[in-house]
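S.K.:
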Amino acid sequence: MTNGADAVLRSLEAEGVDVVFGIPGGAILPIYDALARGTSIHHVLARHEQGAGHMAEGYARASGRIGVAFATSGPGATNLVTPIADAWMDSTPLVCITGQVRSHLIGTDAFQECDITGITIPIVKHSWLVQDVAEIPAIIKAAFHVAGTGRCGPVLVDIPRDIQEALLEFTYPDVVDLPGWRPPKRVHARQVREAARQLAEAERPVLYVGGGVLNAHATDELLELAQAARLPVVTTLMAKSAFPETHELHFGWPGMHGPKWSNWAMNKCDVLVAVGSRFDDRVTGKLSAFAPGATVIHLDVDSAEIDKLRYADVPVVGPLKPVLAELTRELREVAVPGSTEPWLAQLREWREQFPLRYGNEGEMLKPQPVLEALQELTVGSDVVFTTGVGQHQMWAMQYLLCDRPRTFITSGGLGTMGYGIPAAIGAKAARPEATVVCVDGDGCFQMTCQELATSVLEDLPIVVVLVNNGSLGMVRQWQDMFFGERFSQIELTHHLPDYAALAEAYGARGFTVESDDELRPALEEALACGRTAVVDCRVDAREHCFPMIPAGASALQLVEYPDGQAVPA
């Protein structure tokens with residue numbers, strides 16, 4: 010006989026889990042006692058449950074496996090809501106296990122009771138409130154299956170304390186018993202043939218690639234498809250690193266802060282192949298004006314995405330790995346060699362004609378050179394980037410080139426400030442041999458900087474490159490451009506806190522950079538020191554992130570960097 014807490018850990022071990030992230034509390038103490046008695050699973054002690062959840066997300070995104078987070082009941086569980094919502098929006102596979110008050114206390118407003126399964130209904134693929142200890146193995150098996158099959162996403166398992174303490178005869182099931190769960194497994198051959206025909210006849214095709222390609226482990230198949238038919242590839246923020254960004258067929262990133270050539274490629278194409286992407290508003294701008302003349306081929310494992318926002322002339326529902334492989338085989342039969350070369354030449358011309366630009370006026374360090382220097386110092390190395398959310402995130406998208414899958418990890422759909430540091434720690438747990446760099450903003454940093462203690466004490470060293478403009482930069486940009494320069498509640502100051510001193514207080518290395526001359530030496534030392542490090546790069550708050558498509562505008566109404574002092578990047 011074993012108790013429910015031990016059954017949880019043995020079930021996780023059976024699923025191949027090697028690390029979990031969490032914080033103990035009263036309602037989950039039996040599981041933590043089981044951890045203390047011995048397990049092959051390493052537990053990373055976070056400083057906040059939100060940090061634990063983002064660590065599990067970073068682990069999942071860096072490894073391609075399912076991330077696991079623990080939390081106690083009440084505030085512990087509600088602190089996980091933000092990472093659960095983040096995982097839901099970005100289709101990140103996550104299993105969250107929470108403690109709950111004893112079964113007989115549920116519904117009595119007991120201490121630290123909350124209905125976490127009810128709270129998370131809109132943001133999980135499924136949730137379970139365990140009511141019988143004998144159900145634990147089957148529920149954990151089902152949780153991992155649901156999180157990682159079909160369109161990936163988060164699930165929640167809530168376990169009352171008395172269930173954790175109850176006894177059972179433990180056996181772990183070999184198969185999942187979920188009669189209603191039937192994600193697509195096969196490819197519709199006729200639709201794939203029609204997609205191949207449309208692509209073969211196209212003069213200006215574009216592959217519009219989303220994060221679904223990474224979740225499907227289909228990056229090799231994507232590369233093969235693009236090379237087989239010489240198809241240009243544009244990758245969304247969530248798909249950054251899904252296609253080698255130094256490859257001649259990669260033409261940038263679409264949407265609100267994507268380059269002009271990327272947005273023109275998508276909006277002037279005649280056949281748009283959406284691959285694991287969802288026509289997000291930050292990509293399309295004004296939807297009714299998006300790619301107006303294009304025939305749309307939509308490949309996705311989630312049938313709910315087909316026709317949700319943009320009508321698909323050729324819908325193909327199925328797992329992307331076999332879908333892309335089959336499309337490549339069909340296209341090789343019908344494609345006309347060289348037919349896309351004039352279009353590729355046009356895209357190259359636009360890229361040369363409309364380069365990324367930034368300002369060179371004033372004495373303060375500009376943010377873009379920070380990213381350029383980081384790119385130069387890490388090129389060719391085994392590096393994983395994470396980011397927070399805001400201007401620095403968009404500059405990271407523009408200036409950091411990723412050639413290997415799962416090397417750029419960010420919060421896309423929810424846009425969660427504070428994501429970067431804990432996600433970096435999770436990525437380091439997944440990829441201990443890699444250099445993990447978090448590009449963060451000063452606003453984001455102050456939301457989760459306590460997790461530097463986790464990084465130091467758990468020996469999961471990360472390098473935080475802080476693009477410190479002393480303000481909530483993206484909000485400042487919008488107030489400047491669209492609210493008559495009425496700057497409201499965005500000033501954070503460059504110097505409070507002293508980020509380098511704060512890093513040292515957490516046992517990390519701290520560096521302060523205020524000029525171009527100081528930048529490269531500080532980055533080099535931080536990257537080489539082998540310890541957790543924070544490089545505080547104090548940059549000009551007046552610098553805006555361009556290009557930019559104003560909210561509600563069409564993608565072709567993109568605003569470039571103002572003329573004058575701008576120089577090509």
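Reading the sequence shown from the start, the letters are residues 10 to 578 in the working numbering.
The beta carbon of each residue, even a glycine, is placed where N, CA and C say it ideally should be.
Suppose you measure from the CA of residue 383 to the CA of residue 423; what does that come to, to the nearest Å?
M.R.: Working through the sequence shown from its first residue, we reach residue 383 at position 374. Working through the sequence shown from its first residue, we reach residue 423 at position 414. Rounded to the nearest angstrom, the two C-alpha atoms are 26 Å apart.
S.K.: I'd like to check one pair, residue 409 with residue 434: are the Cβ atoms closer than 8 Å?
M.R.: By 1-based counting over the sequence shown, the position of residue 434 is 425. By 1-based counting over the sequence shown, the position of residue 409 is 400. Result no, Cβ atoms of residue 434 and residue 409 do not sit closer than 8 Å.
S.K.: Can you list, in chain order, the stretches of the beta strand (DSSP E) that have 3 or more residues and sit fully within the region 429–494?
M.R.: Segments of the beta strand (DSSP E) lying fully in the region 429–494: 444–450, 472–477.
S.K.: Thinking C-alpha only, which one of 430, 446, 464, 168 is nearest residue 456?
M.R.: For the purposes of this step, residue 456 is identified with residue 447 of the sequence shown, where counting begins at 1. Answer by Cα proximity: 430.
S.K.: Within 10 angstroms of the Cβ of residue 211, are there 16 or more other Cβ atoms? Answer buried if so, exposed if not.
M.R.: In the sequence shown, counting from the first residue as 1, residue 211 sits at position 202. Buried, by the Cβ-count rule.
S.K.: By alpha-carbon positions, which one of 234, 221, 230 ends up nearest to residue 214?
M.R.: Here the question's residue 214 lines up with position 205 in the sequence shown. For residue 214, the nearest C-alpha among the options comes from 234.
S.K.: Pull up the distance between the alpha-carbon of residue 335 and that of residue 209, whole angstroms please.
M.R.: Here the question's residue 335 lines up with position 326 in the sequence shown. Here the question's residue 209 lines up with position 200 in the sequence shown. Cα-Cα distance, rounded: 14 Å.
S.K.: Could you pull the DSSP bridge partners for residue 500 from this structure?
M.R.: Within the sequence shown, residue 500 is the residue found at index 491, counting from 1. Partner(s): 480.
S.K.: Identify which residue in 272, 293, 407 has its Cα closest to the Cα of residue 359.
M.R.: Numbered from its first residue, the sequence shown carries residue 359 at position 350. Ranking 272, 293, 407 by Cα distance to residue 359 puts 272 first.
S.K.: Take the Cβ of residue 68 as the centre, count every other Cβ of all protein chains shown within 10 Å, and call the residue buried at 16 or more, exposed below.
M.R.: Your numbering for residue 68 matches position 59 in the sequence shown. Looking at its Cβ environment, which holds 16 or more other Cβ atoms inside 10 Å, residue 68 is buried.
S.K.: Residue ranges of each alpha helix (DSSP H) run of no fewer than 4 residues wholly in the region 326–404, ordered along the chain?
M.R.: Complete alpha helix (DSSP H) runs here, min 4: 329–343, 350–362, 376–387.
S.K.: Please state whether the Cβ-Cβ distance between residue 33 and residue 170 is less than 8 Å.
M.R.: For the purposes of this step, residue 33 is taken as residue 24 along the sequence shown, with counting starting at 1. For the purposes of this step, residue 170 is taken as residue 161 along the sequence shown, with counting starting at 1. No, Cβ-Cβ distance for residue 33 and residue 170 is not below 8 Å.
S.K.: Do residue 111 and residue 219 have their C-beta atoms within less than 8 Å of each other?
M.R.: For this step, residue 111 is matched to residue 102 along the sequence shown. For this step, residue 219 is matched to residue 210 along the sequence shown. Cβ atoms of residue 111 and residue 219: not closer than 8 Å.
S.K.: Where does residue 50 fall in DSSP's three states?
M.R.: Sequence index remark: in the sequence shown, residue 50 carries index 41 (1-based). Coil at residue 50, not helix or strand.
S.K.: So, at 8 Å on beta carbons, what are the nonlocal neighbours of residue 462 in its own chain, with the 5 sequence-adjacent residues on each side left out?
M.R.: If you number the sequence shown from 1, residue 462 lands on position 453. Excluding residues within five positions, the ones whose Cβ falls inside 8 Å are 56, 515, 516.
S.K.: What residue from 79, 539, 236, 49 has the CA that sits closest to residue 63's CA?
M.R.: Indexing the sequence shown from 1 puts residue 63 at position 54. If we check each option's Cα against that of residue 63, 79 comes out closest.
S.K.: On the premise that residue 266 lies in contact with residue 403, defined as a C-beta separation below 8 Å, what is that separation, rounded to the nearest angstrom?
M.R.: Taking the sequence shown and counting its residues from 1, the one referred to as residue 403 is at position 394. Taking the sequence shown and counting its residues from 1, the one referred to as residue 266 is at position 257. Yes, they are in contact, since the Cβ atoms of residue 403 and residue 266 sit about 4 Å apart, within 8 Å.
S.K.: In chain order, what residues of the same chain have a beta carbon less than 8 Å from the beta carbon of residue 24, not counting five sequence neighbours either side?
M.R.: To locate residue 24, count along the sequence shown from 1; it is residue 15. If we look at residue 24 and ignore the five residues flanking it on each side, its Cβ neighbours are 75, 149, 150, 153.
S.K.: Might you give, ordered along the chain, the residues of its own chain that have their beta carbon closer than 8 Å to the beta carbon of residue 249, omitting 5 neighbours on each side?
M.R.: Numbered from 1 along the sequence shown, position 240 holds the residue referred to as residue 249. For residue 249, where only same-chain residues beyond five positions count, the Cβ hits under 8 Å are 262, 406, 411, 417, 419.
S.K.: To the nearest whole angstrom, what separates the beta carbons of residue 238 and residue 186, a pair I think is in contact under 8 Å?
M.R.: Start at 1 with the first residue of the sequence shown, and residue 238 comes out as number 229. Start at 1 with the first residue of the sequence shown, and residue 186 comes out as number 177. Not a contact, Cβ separation roughly 43 Å.
S.K.: Whole angstroms are fine: how far does the CA of residue 275 sit from the CA of residue 556?
M.R.: Locating residue 556 in the sequence shown gives position 547, where the first residue counts as 1. Locating residue 275 in the sequence shown gives position 266, where the first residue counts as 1. For residue 556 and residue 275, the distance between alpha carbons rounds to 16 Å.
S.K.: If you measure between the beta carbons of residue 426 and residue 398, is that distance less than 8 Å?
M.R.: Here residue 426 is taken as the residue at index 417 of the sequence shown, counted from 1. Here residue 398 is taken as the residue at index 389 of the sequence shown, counted from 1. Cβ distance < 8 Å, so residue 426 and residue 398 count as in contact.
S.K.: How many angstroms separate the CA atom of residue 573 from the CA atom of residue 371?
M.R.: Residue numbering aside, residue 573 sits at position 564 when the sequence shown is read from its first letter. Residue numbering aside, residue 371 sits at position 362 when the sequence shown is read from its first letter. The predicted position of residue 573 is uncertain, since its pLDDT is 49 and thus under 50; a value taken from the coordinates is nonetheless stated next. One C-alpha to the other measures close to 13 Å.
S.K.: Sorted by chain position, which residues of the same chain lie with C-beta nearer than 6 Å to residue 229's C-beta, five sequence neighbours on each side aside?
M.R.: Along the sequence shown, one-based indexing puts residue 229 at 220. The answer is none, since no qualifying residue turns up.
S.K.: To the nearest angstrom, how far is it from the Cα of residue 90 to the Cα of residue 129?
M.R.: Start at 1 with the first residue of the sequence shown, and residue 90 comes out as number 81. Start at 1 with the first residue of the sequence shown, and residue 129 comes out as number 120. Computed Cα separation, rounded: 7 Å.
S.K.: If we ignore side chains and look at the alpha-carbon of each, how far apart do residue 223 and residue 252 end up?
M.R.: Reading the sequence shown from its first residue, position 214 is the one you call residue 223. Reading the sequence shown from its first residue, position 243 is the one you call residue 252. Residue 223 and residue 252: Cα-Cα distance of roughly 10 Å.
S.K.: Identify, in the order they occur along the chain, each residue of the same chain with its Cβ nearer than 7 Å to the Cβ of residue 270, setting aside the five sequence neighbours on each side.
M.R.: Translated into positions along the sequence shown, residue 270 becomes position 261. Around residue 270: 260, 261, 356, 359, 360, 363.
S.K.: Could you tell me the alpha carbon to alpha carbon distance between residue 61 and residue 454, rounded to whole angstroms?
M.R.: Numbered from its first residue, the sequence shown carries residue 61 at position 52. Numbered from its first residue, the sequence shown carries residue 454 at position 445. So the two alpha carbons sit approximately 16 Å from each other.
S.K.: Just the Cα atoms here: how many angstroms apart are residue 301 and residue 243?
M.R.: Position 292 of the sequence shown holds residue 301. Position 234 of the sequence shown holds residue 243. Whole-angstrom Cα-Cα distance: 17 Å.
S.K.: With distances taken between CB atoms, is the gap from residue 333 to residue 227 smaller than 8 Å?
M.R.: Position 324 of the sequence shown, counted from the start, is the residue given in the question as residue 333. Position 218 of the sequence shown, counted from the start, is the residue given in the question as residue 227. Yes. Within cutoff.
S.K.: Using three-state DSSP, classify residue 521 as helix, strand or coil.
M.R.: On the sequence shown, position 512 is the one that residue 521 refers to. Residue state, collapsed to three classes: strand.
S.K.: Where does the unbroken beta strand (DSSP E) through residue 28 begin, and where does it stop?
M.R.: In the sequence shown, the residue the question calls residue 28 occupies position 19. Unbroken beta strand (DSSP E) run through residue 28: 28–31.
S.K.: Span of the alpha helix (DSSP H) holding residue 566?
M.R.: In the sequence shown, counting from the first residue as 1, residue 566 sits at position 557. Note, residue 566: premise wrong, no alpha helix (DSSP H); not H, not E.
S.K.: Rounding to the nearest angstrom, what Cα-Cα distance links residue 282 and residue 175 in this structure?
M.R.: By one-based count along the sequence shown, residue 282 stands at place 273. By one-based count along the sequence shown, residue 175 stands at place 166. Residue 282 and residue 175: Cα-Cα distance of roughly 53 Å.
S.K.: Return the residue from the list 155, 294, 137, 507 that minimises the CA-CA distance to residue 100.
M.R.: As a first step, residue 100 is located in the sequence shown; it is residue number 91 there, counting from the start. Checking every option, the nearest Cα to that of residue 100 belongs to 155.
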